[in-house]
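Written below as structure tokens is the structure these notes are about.
In our numbering, the protein residues as written are 2 to 983.
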């Protein structure tokens with residue numbers, strides 16, 4: 002029988018899962034090496050649970066039982082175990098049975114399933130996770146139904162089955178409940194699975210952000226270094242829980258006023274979160290100590306992992322395996338840390354100096370520590386607070402997907418800001434982003450658009466505009482720089498989402514109003530003619546004009562432009578108050594301010610700063626990112642110096658050296674990355690908005706304000722559109738199981754890392770299983786063969802080359818159409834071979850003619866950055882030279898298909914341009930949906946090209962198809978819940 006080291010061992014069944022309480026467990030096949038673990042596990046199960054499992058008292062397992070439960074063929078008999086720390090906490094097994102209920106082998110498609118969960122771990126969702134995974138294994142082995150016998154008193158187990166969402170039957174026989182589950186996934190089972198995933202992953206992040214106790218491991222005795230900085234920030238932030246310092250060389254009870262211990266085990270109390278700041282080679286010992294102590298989560302600040310090359314990546318993989326083996330979650334390594342401003346927590350487990358950011362409604366996630374610093378600086382200088390902040394570094398475990406799960410139902414977060422370099426699992430990210438964006442804005446700045454050689458971030462094969470378009474379809478507000486990330490976030494955090502694109506522009510500068518008007522047109526907005534209040538306008542004039550604009554039924558948003566008065570130094574604060582009063586009187590529309598700092602106004606503005614809670618931290622930010630000195634800072638103002646793009650951030654590596662050694666091992670600068678900047682005279686005397694008064698964001702350039710408004714408008718349009726949910730249609734003629742079987746056979750001889758292009762017959766057969774008919778072609782290696790082919794197909798016919806360098810190149814003369822006689826066919830054959838080469842080079846074929854129409858091209862590819870993508874365009878110059886191609890994420894809905902064909906610039910050619918007949922767009926939409934279903938149902942299909950697809954006034958014809966296949970990843974977003982593997 003198999004062991005974990007045997008070639009037949011199904012290692013792709015191994016998976017890490019997040020349980021209901023936020024902890025993790027590893028699910029793996031049971032092997033012959035597990036006899037001791039099984040016995041130990043069974044001894045810890047209560048007599049009641051044993052009775053429920055075996056329907057009789059069963060105090061211990063016999064040797065025969067142990068052999069039976071650890072020896073499996075992984076086809077007809079399979080056992081899986083959930084483990085923590087290498088020990089079993091639960092098991093599940095199935096045995097294939099026949100119609101008589103006895104053990105059987107294929108082709109029987111039914112199996113009996115049974116679970117056993119250790120009492121200490123019941124209620125954590127272990128059985129539900131095991132059911133998902135054993136169900137996926139069973140489907141892989143050709144089993145379509147599970148049968149289970151459960152005692153009526155075992156209500157927990159009955160609930161596991163009934164709540165799974167599968168179609169099921171239930172009956173009462175011989176004193177037990179007999180359940181039969183159809184394992185084919187349903188919309189309900191998928192919804193149940195994803196709801197459980199969301200609750201579990203959100204809970205795991207909540208445990209990291211709301212610990213009751215924190216230990217910092219690696220605090221030097223000299224109080225220098227990263228560990229000491231993290232400890233100091235935790236202490237000074239006012240953290241409400243217990244705080245401990247750990248250093249193996251500690252000789253006193255306190256370090257920097259915090260209880261200190263030589264080891265974590267010496268703490269003698271529970272520790273929920275550990276911040277690790279020791280050198281990378283000592284991290285495994287620290288992780289082991291945390292696991293043995295029952296720590297729930299880790300923040301690893303230490304560098305020297307995936308960012309440092311192959312050796313570091315191997316160290317990182319081992320770190321993740323070790324952390325998950327203890328059921329913990331990990332932020333990092335090479336992390337900057339986490340912040341939670343909730344008043345009952347006040348956690349600053351990061352390298353950002355205390356005091357922590359003010360309480361706000363913005364959640365912030367970054368993969369880069371340097372970008373995290375820039376974003377924190379930009380937000381805090383402009384008076385915006387945070388709900389939570391996570392800088393995940395190498396995001397080896399906790400990623401942006403986990404944070405989206407947490408923010409989805411976090412009432413403290415209204416806007417989600419994210420800086421990402423990769424999307425990790427693209428399909429899952431777009432799914433989570435779409436769901437989150439339906440309730441709150443998700444703004445993303447994505448780096449890695451142009452991946453330099455040797456960079457660890459994988460690039461995309463899609464044009465940048467395509468990636469942006471696909472993210473926008475998921476409701477993501479995609480921006481190009483971290484400056485835009487802050488600009489858009491400020492508007493959405495403080496202002497309502499616009500109801501439309503109509504923008505009123507008013508202010509005391511005609512020129513600035515015109516610039517704003519032009520910017521609105523560039524962004525696709527519908528600006529009204531600017532209203533010039535003249536330079537003599539008073540704050541009261543502004544209030545009146547803004548009130549009128551907001552009250553008008555012809556406006557959806559207002560942009561106010563302001564330049565300084567000639568001599569009225571004291572009017573800036575009055576203007577801020579006037580604008581807030583007008584906005585408060587008409588709260589349903591957003592207001593943004595464009596201001597220019599000139600001359601004497603700078604003196605008036607220098608007395609104003611951001612709200613007091615944020616000012617202290619802003620004062621502690623680097624001199625390269627100074628605090629604002631503008632009167633409109635009271636509104637949440639920015640200045641010209643606020644412009645920080647990804648390239649503006651610190652060029653140094655994000656790596657944070659971490660050590661618990663003495664100060665010479667870690668430079669003092671690393672311990673305190675921020676340096677205080679002296680506050681300007683008068684700082685802190687700004688007019689702060691009254692409680693309950695919304696801030697009004699302001700911008701130092703018209704283009705920035707209008708860009709923020711435009712992104713809010715587009716987001717509002719998406720929100721309104723998503724209310725009309727599209728459907729992924731069901732096609733009764735689809736042969737999903739037949740396609741799966743064919744793909745399994747075709748991939749039998751393909752290597753794990755290879756991509757194979759199917760022969761034409763195989764491609765046609767596969768596509769036909771999804772109702773996609775490709776017009777037949779017959780080879781024509783000679784003129785006589787071409788004539789015979791034409792007789793079979795019937796005239797008129799087309800003669801064309803299929804050589805790779807001539808395929809789809811009608812412009813090179815490789816296609817002859819409407820050949821109605823043998824003589825025309827022979828003459829065309831001779832011309833073709835004379836002009837382009839020998840038949841064996843051209844690979845000519847003969848094909849029937851089809852009704853004339855518009856030539857289109859449909860493709861689907863799997864992109865590393867975006868996932869499965871469906872593309873459409875017109876064949877030829879429009880798509881190849883001009884790039885007029887539109888894209889949608891897979892699976893596409895009927896709404897997606899309809900919008901896809903209408904979103905290309907040349908779409909009028911499909912709808913009767915210049916008096917031509919409209920083509921059959923419903924047939925085109927159906928073809929798109931069928932291809933989407935094929936790619937979505939079978940991840941083995943990594944590329945499809947249908948070119949050309951001739952769309953006539955009635956019906957369409959697919960003239961050529963190319964299909965590429967490969968072995969799918971071990972787990973996908975459509976499979977059972979699992980964490981990314983390392």
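For glycine and all other residues, C-beta sits at the position ideal for the given N, C-alpha and C.
| query | result |
| --- | --- |
| Beta-carbon contacts of residue 770 that lie in its chain and below 6 Å, excluding the five residues immediately before and after | 736, 739 and 740 |
| Rounded C-alpha distance that separates residue 861 from residue 933 | 8 Å |
| Segment contact, 8 Å Cβ cut-off, at least three pairs: the segment 585-597 with the segment 555-563 | yes |
| heavy atom of the ligand FAD below 7 Å from residue 276 C-beta | The ligand FAD is absent from the structure shown, which contains no ligand whatsoever. |
| Contact between the segment 112-129 and the segment 10-22 (3+ Cβ pairs under 8 Å) | yes |
| Residue 181 - containing beta strand (DSSP E), residue span | 177-183 |
| Beta-carbon spacing of residue 425, residue 981 below 8 Å | yes |
| The segment 175-188 contacting the segment 248-257, beta-carbon criterion three pairs below 8 Å | no |
| Backbone CA spacing between residue 87 and residue 726 [nearest angstrom] | 45 Å |
| Residue 520 vs residue 704 beta-carbon contact at 8 Å | yes |
| Where residue 641 falls, given that 16 or more other Cβ within 10 Å makes a residue buried | No answer about residue 641 holds up, because its pLDDT of 38 lies below 50 and its placement is not dependable. |
| Residue ranges of each alpha helix (DSSP H) within the segment 54-79, 4 or longer | 64-71 |
| Rounded distance between the beta-carbons of residue 774 and residue 952, thought under 8 Å | The Cβ separation is near 14 Å, so there is no contact. |
| Proximal residues to residue 944 (C-beta, below 6 Å), its chain only, five neighbours per side dropped | 862 and 965 |
| Burial state of residue 107 (16 or more Cβ within 10 Å) | exposed |
| Coarse secondary structure for residue 700, derived from DSSP in three states | strand |
| Completely contained beta strand (DSSP E) runs for the segment 248-279, where each covers 3 or more residues | 259-262 and 274-277 |
| At least 3 beta-carbon pairs within less than 8 Å: the segment 376-383 vs the segment 316-328 | no |
| Enclosing beta strand (DSSP E) for residue 382 [first to last residue] | Counting along the chain, residue 382 falls outside any beta strand (DSSP E), though it belongs to the alpha helix (DSSP H) covering 370-382. |
| Top-ranked residue by Cα proximity to residue 346, from 729, 244, 792 and 524 | 244 |
| Coil, strand or helix - residue 679 by DSSP | Residue confidence for residue 679 is low, a pLDDT of 32 falling below 50, so the modelled location carries little weight; the figure read from the coordinates is stated next. DSSP places residue 679 in coil when its eight states are reduced to three. |
| As assigned by DSSP and simplified to three states, the class of residue 623 | At residue 623 the pLDDT is 36, less than 50, meaning the model places this residue with poor confidence and gives no usable figure here. |
| Three-state class that DSSP yields for residue 147 in the structure shown | strand |
| According to DSSP, residues forming a beta bridge with residue 419 | 366 and 445 |
| Span of the beta strand (DSSP E) around residue 341 | 338-341 |
| Proximity of residue 408 and residue 437 at Cβ, strictly below 8 Å | yes |
| Rounded C-alpha distance that separates residue 581 from residue 362 | 19 Å |
| 7 Å CB neighbourhood of residue 271 in its chain, flanking five on each side removed | 214 and 295 |
| Residues that residue 306 bridges to, as DSSP identifies them | In the DSSP output, where bridge partners are listed per residue, residue 306 has none listed. |
| Contact between the segment 542-551 and the segment 490-508 (3+ Cβ pairs under 8 Å) | yes |
| Beta bridge counterpart(s) of residue 592 as assigned by DSSP | 559 |
| For residue 455, three-class secondary structure by DSSP | Interpretation of residue 455 is limited by its pLDDT of 35, a score under 50 that renders its predicted location unreliable; no figure is taken from the coordinates. |
| Start-to-end residues for the beta strand (DSSP E) that takes in residue 888 | 886-890 |
| Residue 311 (DSSP reduced to helix, strand or coil) | helix |
| Backbone CA spacing between residue 474 and residue 232 [nearest angstrom] | 43 Å |
| Coarse secondary structure for residue 335, derived from DSSP in three states | coil |
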